[in-house]
Amino acid sequence: MIKVEGVSKRYARFTAVDSVSFEVEKGQIVGFLGPNGAGKTTTMRILTCFLPPSEGKASVAGFDVLEQPMEVKKRIGYLPETPPLYPDMEVVEYLDFAGKLKGLRGADLAKRIDEVSAKTNIGDVQSKLIAKLSKGYRQRVGLAQALLHNPEILILDEPTSGLDPKQILETRQLIKGLAGDHTIILSTHILPEVEQTCERVVIISKGKLVATDTVDNLTNRMRGSENVGVEVEGRDGALDAKAVHQRLEQVSGVSKVILREEKNNRALFEVESLQGHHIRADLARTVVEGGFSLTELKAVGMSLEDVFLQLTGADQPAAAKETPNE
Amino acid sequence: MSNIFAIAQKELKSYFVSPIAYALLAIYALISGWFSLIAIANFIEMSMQGGGPADLNGYVIAPVVSNAGVLSLFLIPMITMRLFAEEKRSGTIELLVTSPITDMEIILGKWFGAMAMYACILGVKLFCLSFTFLFGNPDWRPLATAYLGMFLQGGALLAIGMFISNTTKNQIVAGATTFGMALMFWTFDWATTFKSDGWAKVLAYLSLTAHFNSYARGVVDTKDTIYFLSVIAIGIFLTARSLESLRWRS
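Quick note, the sequences are listed as chains A and B, same order. Just so you know, the first sequence maps onto residues 86 to 411 in my numbering. Just so you know, the second sequence maps onto residues 41 to 290 in my numbering.
Shown next, in the form of structure tokens:
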């Protein structure tokens, strides 16, 4: 449905997207994952014919974005990062205008406005000025706009940003409900969002494609090992951090122990487990049995950066291996 | 065609849902009324001196109409400054450009919308002048040509202003630049005060004043009409190129 082949977007001073290729099949929800500034928005803008690619080919539903933009635009519903709303308009007025831009007229348009308003739950603000809406409502009006002409493909740039937890949940549910009929690409920098809504993930960082995989595969790769933060305190004043370090390393299932911080008689370790081992209970027992006080034990979440590093197979921090390109 | 209409309608509406339209109309009504009052006072004095009614067209309609040309220099930047600058700043340009409509439909829609706003403003002036028809018997034909001239001149300035609005995200910059350009175009013929050939002649030809004056006098000259139509075409063409370049640059 969507085919991106070696697409780059270069500017005079930097490369926003660097030969990215991926494919999306009909009816799939694909998460476009990457930190801010990774090139997600640029790639989406290329797909929506807002920006032309500098190199490579991108096609949507079999139509090239450069050669047949009109056919592409007809098939795409696009929600940019900031919803493109006119604050001076009432919601229904705005949807009416957006519908006309997408070629809907008359009774057809009125029917579609009702349908998408119901779907996105904005029925109660129809005659409110957009300027007076909360961020959550604005986001949903933007989504309603993207759905108006019932497009085959939806491109949503950070659809849940700025929403409260309940609205995020509702929006995710809504997007999930749209899959099947629509092919969806959504961008986000929030990892759990991809896990909960998407079937496939495309990960990009600094303009380059890092990985494309199914969510299941990705989470297995990430979840295989457990990272635990352990804070230990000495019972009688001084603490021998080295001794603790050794004891922790001997716990079965532990692959790596790193001393993060040592202060007075406290030490903070980060312990990584081998694939498929649960080590927290054993860690706690080891510390206590060794005559130390366990002051904190917590699962350390994996940051997006860690995921990237794991996926790219690097074990140094990104900053260290990055070569300056001036 | 209906896409152009949809955009023009939205543009015109957006003037009236914001205070812009009311401010422009009120200011124009005030100034236009003042100009008409002065012209009529002048006309009355002339009639008293001459012993009979003086020429209504010459003493009332002609001065009011030629002042209208100057007034439009100030008003048109205020109409055009938001056309694209606002869409670019708020991001709504993404909606327009990613919708299945052509750039030309967007541009023409906006231009017609601005023209409709300008027409509303000119309507205020017509209201002032209608009193001369109520109490006198002036010739309507010079007024009709003057209106044609005002439309053409307005259309030309609106097209230039629209182009300038497309080059920036900042409305103030767009407005100020448009005002400066309009004033330059208005005063190009001053060059002839110290030089009467060569480049001064070219500048004088480019001047809006010279072309507008014949309409104000009741003359429709093909040369002037072609001048205004070509400025409109150039403005629209430049806007189209500028909108296209937005995609390559941003």
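Every residue, glycine too, gets a C-beta built ideally from N, C-alpha and C.
Go ahead and pull the three-state DSSP assignment for Ser87/B.
Here Ser87/B sits in helix by DSSP.
List, from N- to C-terminal side, the beta strand (DSSP E) runs of 3 residues or more that fit wholly inside the region 185 to 251 of chain A.
Correct list: 238 to 242.
Using a Cβ cut-off of 9 angstroms, pull out every chain A residue sitting near Glu51/B, in sequence order please.
Those do not exist, as Glu51/B stays about 11 angstroms from chain A at its closest Cβ, beyond 9 angstroms.
Taking the CB atoms as reference points, tell me whether Ala156/B and Leu52/B lie closer together than 7 angstroms.
Their beta carbons are under 7 angstroms apart, which means Ala156/B touches Leu52/B by this criterion.
Of all the residues that make up the region 114 to 141 of chain B, which are near chain A by a beta-carbon distance shorter than 8 angstroms?
Hits within the stretch, in order: Ser130, Gly131, Thr132, Ile133, Glu134, Leu135, Leu136, Val137, Thr138, Ser139, Pro140 and Ile141.
Buried or exposed: Phe234/B, going by 16 or more other Cβ atoms within 10 Å of its Cβ?
Phe234/B is exposed by the Cβ-count criterion.
Output yes if chain B places a C-beta closer than 7 angstroms to the C-beta of Ala97/A; else output no.
No, Ala97/A lies away from the interface with chain B (no Cβ there is under 7 angstroms from its Cβ).
Which stretch, first to last residue, makes up the beta strand (DSSP E) that contains Asp103/A?
First-last of the beta strand (DSSP E) with Asp103/A: Thr100 to Val109.
Does the structure place the region 127 to 147 of chain A close enough to the region 97 to 113 of chain A that three or more beta carbon pairs sit under 8 angstroms?
Yes: the two stretches touch, three or more of their Cβ pairs being nearer than 8 angstroms.
For Ala323/A and Asp367/A, what's the separation of their Cα atoms in angstroms?
Near 24 angstroms, if we compare the C-alpha coordinates of Asp367/A and Ala323/A.
Do Ala256/B and Ala186/B have their C-beta atoms closer together than 7 angstroms?
Yes; because the gap between Cβ atoms is below 7 angstroms, this pair is in contact.
Strictly by DSSP, which residues pair up with Ser47/A?
Here chain A covers residues 86 to 411 and nothing more, so residue 47/A does not appear.
Let me see if you follow: with CB-CB separation under 7 angstroms, is Ser54/B close to chain A or not?
Output row for Ser54/B: interface = yes.
Taking Cβ to Cβ, would you say Lys187/A is nearer than 7 angstroms to Ser130/B?
Not a contact, by the Cβ cut-off of 7 angstroms.
Using three-state DSSP, classify Phe377/A as helix, strand or coil.
Three-state result, Phe377/A: coil.
Smallest Cα separation from Thr207/B: which of Ser282/B, Asp229/B and Leu197/B?
The shortest C-alpha separation from Thr207/B is found at Ser282/B.
Considering Cα atoms alone, identify which of Ile288/A, Val105/A, Ala195/A and Lys213/A is closest to Met174/A.
Checking every option, the nearest Cα to that of Met174/A belongs to Lys213/A.
Is it right to say Thr279/B is buried, meaning 16 or more other beta carbons lie within 10 angstroms of its own, or is it exposed?
The residue is buried, with at least 16 neighbouring Cβ atoms inside 10 Å.
Output the distance between the C-alpha atoms of Met88/B and Phe171/B, rounded to the nearest integer angstrom.
Each residue's alpha carbon lies about 20 angstroms from the other.
Please name the residue in Val339/A, Val317/A, Glu347/A and Ile343/A whose C-alpha comes closest to that of Gly376/A.
Comparing Cα-Cα distances from Gly376/A to each of Val339/A, Val317/A, Glu347/A and Ile343/A, the minimum goes to Val317/A.
Out of Gln331/A, Tyr171/A and Lys158/A, point me to the one whose CA is closest to Lys217/A's CA.
Of Gln331/A, Tyr171/A and Lys158/A, the residue nearest in Cα terms is Tyr171/A.
Kindly identify the DSSP beta-bridge partner or partners of Tyr171/A.
The partner list for Tyr171/A (beta bridge, DSSP) is empty, contrary to what the question assumes.
What does Met155/A reach in chain B if we use C-beta pairs closer than 7 angstroms?
Here the neighbours are Pro140.
Verify the CB distance criterion: does Thr245/A have a CB-CB separation below 7 angstroms to chain B?
Judged by the 7 angstroms Cβ criterion, Thr245/A is not in contact with chain B.
Taking only three categories from DSSP, how would you classify Glu278/A?
Here Glu278/A sits in helix by DSSP.
Give the DSSP-derived three-state secondary structure of Gly98/B in the structure shown.
In this structure, Gly98/B counts as helix in the three-state DSSP scheme.
What residue range is occupied by the uninterrupted beta strand (DSSP E) comprising Val315/A?
Counting along the chain, the beta strand (DSSP E) containing Val315/A begins and ends at Asn312 to Glu318.
From what residue to what residue does the alpha helix (DSSP H) around Val342/A run?
It is not in any alpha helix (DSSP H) - Val342/A instead sits in the beta strand (DSSP E) that spans Val339 to Lys348.
Measuring CB to CB, does Leu239/A end up less than 7 angstroms from Gly162/A?
Cβ distance < 7 angstroms, so Leu239/A and Gly162/A count as in contact.
Considering only the alpha carbon of each residue, which of Ala97/A, Gln211/A, Lys204/A and Ser340/A lies closest to Ile177/A?
The sequence given here places Val at residue 177/A; Ile does not occur at that position. Checked all of Ala97/A, Gln211/A, Lys204/A and Ser340/A; the closest Cα to Val177/A is Gln211/A.
Here's the rule I'm using: 16 or more other beta-carbon atoms within 10 Å means buried, otherwise exposed. How should Gln401/A be labelled?
Residue confidence for Gln401/A is low, a pLDDT of 41 falling below 50, so the modelled location carries little weight and cannot support an answer.
With a threshold of 7 angstroms between beta-carbons, can Tyr163/A be considered close to chain B, or not?
Interface residue, yes.
Counting contacts by CB-CB distance shorter than 7 angstroms, is Ser58/B in contact with chain A?
So yes, Ser58/B belongs to the interface.
Are the CB atoms of Leu359/A and Ser340/A nearer to each other than 7 angstroms?
Taking 7 angstroms as the Cβ cut-off, Leu359/A and Ser340/A qualify as a contacting pair.
Can you find the residues in the same chain that come closer than 7 angstroms, C-beta to C-beta, to Ala94/B, ignoring five residues on each side of it along the sequence?
Hits under 7 angstroms: Phe83, Met86 and Ser87.
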